[in-house]
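Numbering (our numbering), first residue to last: 20 to 161.
Virtual Cβ for every residue (Gly too), placed ideally from N, Cα, C.
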């Protein structure tokens with residue numbers, strides 16, 4: 020499964036030098052993760068209430084490659100890399116279409132918690148809805 024999310028950089032996302040603050044990219048990842056889950060039909064509140072499980076971000080790795088600037092039009096591409104035991108690996112790439120620049124690459128490792136806040140294996144509802152996309156032509160950071 021893969022989605023593309025448009026991002027328009029506004030002034031408050033930039034530092035005094037006019038480039039996007041590194042902290043904003045983490046926010047973009049959050050937006051991307053929720054968009055990916057939503058596109059898969061996974062509404063976290065409903066799953067928590069009905070199945071007693073929720074995904075949490077366990078790890079984030081970000082490679083900042085090229086600065087984005089005020090009023091840049093970007094695309095955040097998010098896809099599922101793999102499910103393994105109790106985790107799901109998501110990949111992200113932020114690109115600027117006007118010059119084909121790759122701005123950032125990232126990974127998020129998701130873990131899953133039950134209602135007692137204990138880790139559980141990747142729930143079937145997530146494994147079934149979030150199909151792994153092995154056809155990405157770029158690599159995420161190592």
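Assuming the contact rule is C-beta atoms closer than 8 Å, residue i and residue j should be a hit. Round their C-beta distance to whole Å, please.
i           : j           : result
residue 126 : residue 110 : 6 Å
residue 101 : residue 45  : Not really, about 22 Å apart at Cβ, beyond 8 Å.
residue 79  : residue 105 : With a Cβ gap of about 17 Å, residue 79 and residue 105 do not count as contacting.
residue 39  : residue 49  : That pair is no contact at about 15 Å.
Quick one: Cα of residue i to Cα of residue j, how far?
i           : j           : result
residue 103 : residue 141 : 8 Å
residue 26  : residue 77  : 24 Å
residue 160 : residue 123 : Its pLDDT being 44, under 50, residue 160 is placed unreliably by the model, and the measurement read from it follows with that caveat. One C-alpha to the other measures close to 9 Å.
residue 68  : residue 54  : 20 Å
residue 118 : residue 61  : 34 Å
residue 116 : residue 92  : 7 Å
residue 84  : residue 131 : 30 Å
residue 57  : residue 90  : 26 Å
residue 129 : residue 107 : 5 Å
residue 24  : residue 51  : 7 Å
residue 221 : residue 75  : In the structure displayed, the chain extends from 20 to 161; residue 221 sits before or after that span and is not available.
residue 82  : residue 64  : 31 Å
residue 41  : residue 30  : 14 Å
residue 28  : residue 99  : 25 Å
residue 96  : residue 121 : 11 Å
residue 59  : residue 153 : 17 Å
residue 147 : residue 37  : 42 Å
residue 157 : residue 136 : With a pLDDT of only 49 at residue 157, under 50, the local geometry of the prediction cannot be trusted, and the value read off the model is given with reservation. Each residue's Cα considered, the two are about 35 Å apart.
From the DSSP output, which residues share a beta bridge with residue i?
i           : result
residue 115 : 120
residue 74  : 131
residue 81  : 125
residue 106 : 103, 130
residue 33  : 39
residue 151 : Note: residue 151 sits in no beta bridge, so no partner.
Rank the options by C-alpha distance to the C-alpha of residue i and give the top, closest one.
i           : options       : result
residue 134 : 112, 71, 80   : 71
residue 73  : 153, 149, 145 : 145
residue 113 : 47, 33, 136   : 47
Counting along the chain, where does the alpha helix (DSSP H) carrying residue i start and finish?
i           : result
residue 51  : 41-58
residue 145 : 143-148
Hey, quick one: how far does the beta strand (DSSP E) through residue i stretch, first residue to last?
i          : result
residue 27 : 21-27
residue 97 : 92-103
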